[in-house]
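According to mature numbering (1 follows the signal peptide of the UniProt record, and there is no 0), the residues represented by the sequence shown are -36 to -1, 1 to 888, in order.
Glycine is no exception: its CB is placed at the ideal position from the N, C-alpha and C atoms.
Single-structure report; data block below.
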Amino acid sequence: MNADHQHIHKHSEVDLSNLMGRLLVFLLSVLALSSAVDRSNFKTCDQSGFCKRHRNPATKVEYAVIGDSVKINETSVNAVLKSAENELHLSVLFLEDSTIRVLIDENANALRARYQPLDALAREPSQQRIAESDVTRTEESVVINAPSGHTISVQFKPFRIDVQKKDELLLSLNSGSFLKFEHFRTKDESRDDGEGFWEESFKSHTDSKPHGSSSVGMDVSFVGFKFVYGLPEHADSFVLHSTAGQEPYRMYNLDVFEFELNTNMALYGSVPYIIAHNPKQSASVLWLNAAETWIDIDSSTADKGVLASLVDKFRSSQEVPQIDAHFMSESGLIDVFLFLGPTPNDVFRQYSTLTGVYPLPPQFAIAYHQCRWNYNDEEDVANVHAGFDEHDIPMDVLWLDIEHTDGKKYFTWDPVKFANPQKMINELAAKGRKMVTIIDPHIKKDDGYHVYKDAKDLGFFIKDKDGAKDYEGHCWPGASMYLDFVNPAVRDYWAGKFSYEQYSGSTKDLFTWNDMNEPSVFSGPEVTMHKDAKHYDDWEHRDIHNIYGFYQHSSTYRGQQMRSNNKLRPFVLTRSFFVGSQRTAAVWTGDNMADWGHLKSSVPMLLSLSVAGIPHVGADVGGFFKNVDEQLLARWYQAAAFQPFFRAHAHIDCKRREPWLFSEGTKNVIRDAIRTRYSFLPYWYTLFYEHSIVGKPVMRPLWSEFPEDESSFDEEREWMVGSAVLVRPVMDPDVESVSLYLPGRNEVWYEWDTHKARRSPGAVYVDTPMSKIPHFQRGGTIIPMRERIRRASSLMKDDPITLYIASNYKGDFANGSLYLDDGESYEYKNGNYLYWSFQYKKEGESLYTIKSKNLDESGVYDPDVYIEKIVIRGVRYYPRSVHMYYDDYNPETLEFSHDRDSHVMVIRKPSAFVSREFRIDIHT
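The structure is reproduced here in structure tokens:
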């Protein structure tokens, strides 16, 4: 939600601070009558002194490695970098699993330390040894044959690092000589340090910069690549485009009202990570820096600059595409990780090993969520709750926005409208459902509010630029203070607030939504916090801005773990995010709008998040702002049913959108879309489990599954759910058919509802009446489903499974997997889970078999879950008999049917338990 649409409430407070706060919110509300973002509220590169300096070729500085300073140990190369301006320390570290780390910092005698956001990493990276025989040293360079098979060359003058695989150059650092490192210095009035170096103004705000500018920047070249992706969050294309002559991509977590499409403007979260892919190779780069960061992208060929001669040794450089990324950060040091693949799955694993995976969520978190700003009171909640049952629409979670609190004081309830919160939550839980309440980081300035009083007494608020007073800004409550989550003690304090004793009215079935945590400050520059505000350990806000929300949602997650003594899995949704946010939170794309463009934009936005390591992602169904028409809403539900986080949400000014408030036809389309999601929940749950093991995205770009299919590299209308389902929803009005691309070679795809087989590669057209969600099952896969749809997912956890088998191109093989546990606790870590595979295979001239196998003997979960039906697509033989075997004896004859026209076979009531090995023989 955003300041621009706040409704002004009457309060009894008459103090000037709150009065001014309410006046500010009213003025923002007036501005909200405009339907587009006011770009003048947000900086351009030219309005940012450090960005402008880094982009200016005239300010380039050449660095060289001092040859005598080079020291080589078992795992790294260390040296001094020198320019006409300063000396820096360089470390090149060799990490396990084809990963390289490059660190550049000021020397030990620097005037001030630089912030490193190491909490964003899941663990300390493991270094890999290099043998002395693998190092070649000359007067011009050091060349290391890394254990991964790559050659790493550190060129001395001018300084450059090249990464080669066999004879091909993959990556180069500083080939454009954009390394710039503004060192800390004392102010000298006789010296011109550059525009905005010691003080900078934007609109009515002045940034005092007491330590001067300390910006850093460097370029990274991806050689041999035409396509790069990543840099969430932007409302732009999935493929990163050239910024030549345009604004760079900006990474600066901001609360942007009604964000525009097709722009590089910063939004709510930042992951400064780029992944490159070509038919033979994937590689990626993480720029680990939590300060404001701008990134220029330039596409060319390798026939210019210092790299041309290297490429020309093996291939004409004019034939080799090249993409250059120029990273520019306001503060911090240079900490770059290179992930060398070579496949997409390798890169996903390498990145997630460093930054972490999304832990297995509770099952309700991947079901359907219903939200708006705001459900009015307990009666309203009860009526909405009952409406889903009355209209036979499943729903797992009902959400409450800021109006549920006592005067915007978080961890409280409105004493009149929500007088009995435990009873309300328990009534939801009685039908298998949960509740989520919003808890933002701004704290109302009110001595009668226990969180404010505690934090004030303990000194837990961020300080102003002088470090003497608590920093004060305005947000939903009016005058607000902001907790300093950089302080570990504050994080402990926040986690403790989620205990049942501290959060009165909460239960184990109440979960959390962290919004406005960029942080949003209505009275601040660019609707956020002043950069010279002071944090724990004397860090300025400029140093930690992009990781602030990470610290809040991570503390919230830990608080939910603590309240159950680490027995139940948390669920947290965050708007602001950073590298590593996936370890503790799901993410949504913020304040979108009810129009077709925003529906279409949700796909590249979610794919960008997914490949950057954050898998549990979604966009507000129907759009947050503006009233939605029925066709758009129905199509949005259909798209979101196949996206990882599935939540409907709407602004307080929007007409109510519960599905039964629309026409009967629209209600039925919405209901069918939600029921489709519930039928696929076993598959979704298995994908989230597999992500937690290997780091693969759940929602995937086509190229991640078909890395050699160049026609799919810029596809952003469709996506894969796991490896088995391709989705291409309708995202335009009044569409009677859609075209879509079926990727891969020697692949076959089955249209879900007709079973029709389509060969790939190539484009196909699909008729799209309002009831249709175009989705295909990939040949060679097996999908577990539940077709008994109940009011909530928890009521389905012991229901039987249906297997959908899609035979491969040759018609002789398919496989898939199923993960099950209790859906809510950490007992799976004690072995209470099952992870089984299913295989369909031609065994001889007249025999096909279906077999199950335990993929993980450590799992001992043994529910009474059986397989009630098996559907086989692509059956081009005529089956004569079907028998099932347990332990290879006592065959049981099974009923089946076969449709020769659709090539579909259905085996009814095999009654095989998913936790026991079985074999089904199909005789032809």
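- Message: By the three-class DSSP mapping on this structure, what secondary structure does Trp683 have?
- Response: Of the three classes helix, strand and coil, the one that applies to Trp683 here is strand, per DSSP.
- Query: Hey, how far is the Cα of Asp763 from the Cα of Ser643?
  - Reply: If you take the alpha carbons of Asp763 and Ser643, they lie about 11 Å apart.
- Message: For the beta strand (DSSP E) containing Glu343, name the first residue and the last one.
- Response: Premise fails: Glu343 lies in the alpha helix (DSSP H), 342 to 354, not in any beta strand (DSSP E).
- Which listed residue (Arg124, Lys129, Leu218) has its alpha carbon closest to that of Ala110: Among Arg124, Lys129, Leu218, the Cα nearest to that of Ala110 is on Lys129.
- Task: Return the first residue and the last residue of the beta strand (DSSP E) that Gln119 is part of.
- Result: 114 to 119 is the span of the beta strand (DSSP E), which, as asked, contains Gln119.
- Ala419 versus Ala394, Ala393, Tyr446, Leu304, residue with shortest Cα-Cα distance: The residue with the shortest Cα to Cα distance from Ala419 is Tyr446.
- Message: If distances are taken between C-alpha atoms only, which option among Met848, Asp183, Asp61, Leu318 comes closest to Ala576?
- Response: Ranked by how close their Cα comes to the Cα of Ala576, the residues Met848, Asp183, Asp61, Leu318 have Leu318 in first place.
- Query: Residues in its own chain within less than 8 Å of Leu858 by CB, not counting five upstream and five downstream?
  - Reply: Within the same chain, Val846, His847, Met848, Ile871, Arg872, Lys873, Pro874, Ile884 come within 8 Å of Leu858 by CB-CB distance, once the 5 residues on both sides are set aside.
- If you follow the alpha helix (DSSP H) that Glu104 is part of, which residue opens it and which one closes it? Element bounds for Glu104: n/a, residue is neither H nor E.
- List the whole-angstrom C-beta distance separating Asn228 from His198, where the pair is believed to meet the contact cut-off of C-beta under 8 Å. Rounded, the Cβ-Cβ distance is 6 Å, consistent with contact.
- Message: Rounding to the nearest angstrom, what Cα-Cα distance links Thr39 and Ser519 in this structure?
- Response: Near 34 Å, if we compare the C-alpha coordinates of Ser519 and Thr39.
- Item | Contact under 7 Å by Cβ, Phe609 with Gly582 | Yes, these two residues count as a Cβ contact at 7 Å.
- Message: So, does the segment 282 to 297 touch the segment 256 to 266, judging by three or more C-beta pairs under 8 Å?
- Response: These segments touch.
- Message: Under DSSP, the beta strand (DSSP E) around Gly780 begins and ends at which residues?
- Response: Under the DSSP assignment, Gly780 falls in the beta strand (DSSP E) whose first and last residues are 777 to 784.
- Task: Could you work out which residue in Phe223, Ala272, Ser12 is closest to Lys167 when comparing CA atoms only?
- Result: When each option's Cα is compared against that of Lys167, the closest is Ser12.
- For Pro452, the first and last residue of its enclosing alpha helix (DSSP H): That run of the alpha helix (DSSP H) goes 452 to 460.
- Task: Kindly give me the distance between the Cβ atoms of Ile403 and Thr476, rounded to whole angstroms, as I take these residues to be in contact under 8 Å.
- Result: Taking 8 Å as the upper bound for CB-CB distance, Ile403 and Thr476 are in contact here, some 6 Å apart.
- Do Asp501 and Ala756 have their C-beta atoms closer together than 7 Å? No. Outside cutoff.
- Task: Figure out for me which residue from Ala550, Ala637, Asp2 has the closest Cα to the Cα of Glu224.
- Result: In terms of Cα proximity to Glu224, the closest of Ala550, Ala637, Asp2 is Asp2.
- Where Lys660 falls: helix, strand or coil (DSSP): Residue state for Lys660 is assigned as coil, using DSSP reduced to three classes.
- Item | Contacting residues, own chain, Cβ-Cβ under 7 Å from Gly396 (five flanking each side not counted) | Here the set comprises Arg755, Ala756, Ser758, Leu759.
- Message: Beta-carbon within less than 8 Å of Lys417's beta-carbon, same chain only, minus the 5 sequence neighbours each way: which residues are those?
- Response: If we look at Lys417 and ignore the five residues flanking it on each side, its Cβ neighbours are Asp411.
- Have a look at His494 and His509 and give me their C-alpha separation to the nearest angstrom. Between His494 and His509, the alpha-carbon positions lie close to 10 Å from each other.
- Query: Of all the beta strand (DSSP E) runs that stay within the bounds of the segment 126 to 181, which reach a length of 3 or more residues?
  - Reply: Counting only runs of at least 3 residues, the segment 126 to 181 fully encloses the following beta strand (DSSP E) elements, listed from N- to C-terminal order: 132 to 137, 164 to 166, 169 to 171.
- Can you give, in chain order, each stretch of the beta strand (DSSP E) that sits fully within the segment 256 to 326 and has at least 3 residues? Those beta strand (DSSP E) runs which fall completely within the segment 256 to 326 and span 3+ residues are 257 to 265, 285 to 293, 298 to 303.
- If we ignore side chains and look at the alpha-carbon of each, how far apart do Lys619 and Phe589 end up? The straight-line gap from Cα to Cα measures roughly 10 Å.
- Task: Put Leu858 into one of helix, strand or coil per three-state DSSP.
- Result: In the displayed model, Leu858 falls within coil according to three-state DSSP, outside both helix and strand.
- Query: When the Cβ atoms of the segment 622 to 635 are set against those of the segment 647 to 659, are three or more pairs found closer than 8 Å?
  - Reply: No, because fewer than three Cβ pairs between the segment 622 to 635 and the segment 647 to 659 fall closer than 8 Å, the two stretches do not touch.
- Message: Going by DSSP in three states, Lys817 sits in which element: helix, strand or coil?
- Response: DSSP places Lys817 in strand when its eight states are reduced to three.
- For Asn109, which beta-bridge partners are listed by DSSP? The partner list for Asn109 (beta bridge, DSSP) reads Thr115.
- Look up Trp477 in the DSSP assignment and give the residues it is bridged to. Residue pairing of Trp477 in beta bridges, as defined by DSSP: Ile402, Leu537.
- In angstroms, rounded to a whole number, what distance separates the CA positions of Arg313 and Glu881? So the two alpha carbons sit approximately 30 Å from each other.
- Cβ-Cβ distance between Gly787 and Ser822 below 7 Å: For the pair Gly787 and Ser822, the CB atoms are not nearer than the 7 Å cut-off.
- Item | Ser801 versus Gly780: straight-line alpha-carbon distance, rounded | Roughly 6 Å between the two C-alpha positions.
- Secondary structure of Leu596, DSSP reduced to three states: Under the three-state reduction of DSSP, Leu596 is assigned to helix.
- Kindly confirm or deny that the segment 167 to 181 and the segment 113 to 121 touch, where touching means at least three C-beta pairs closer than 8 Å. A contact between stretches requires three or more CB pairs, one per stretch, nearer than 8 Å, and the segment 167 to 181 fails this requirement with the segment 113 to 121.
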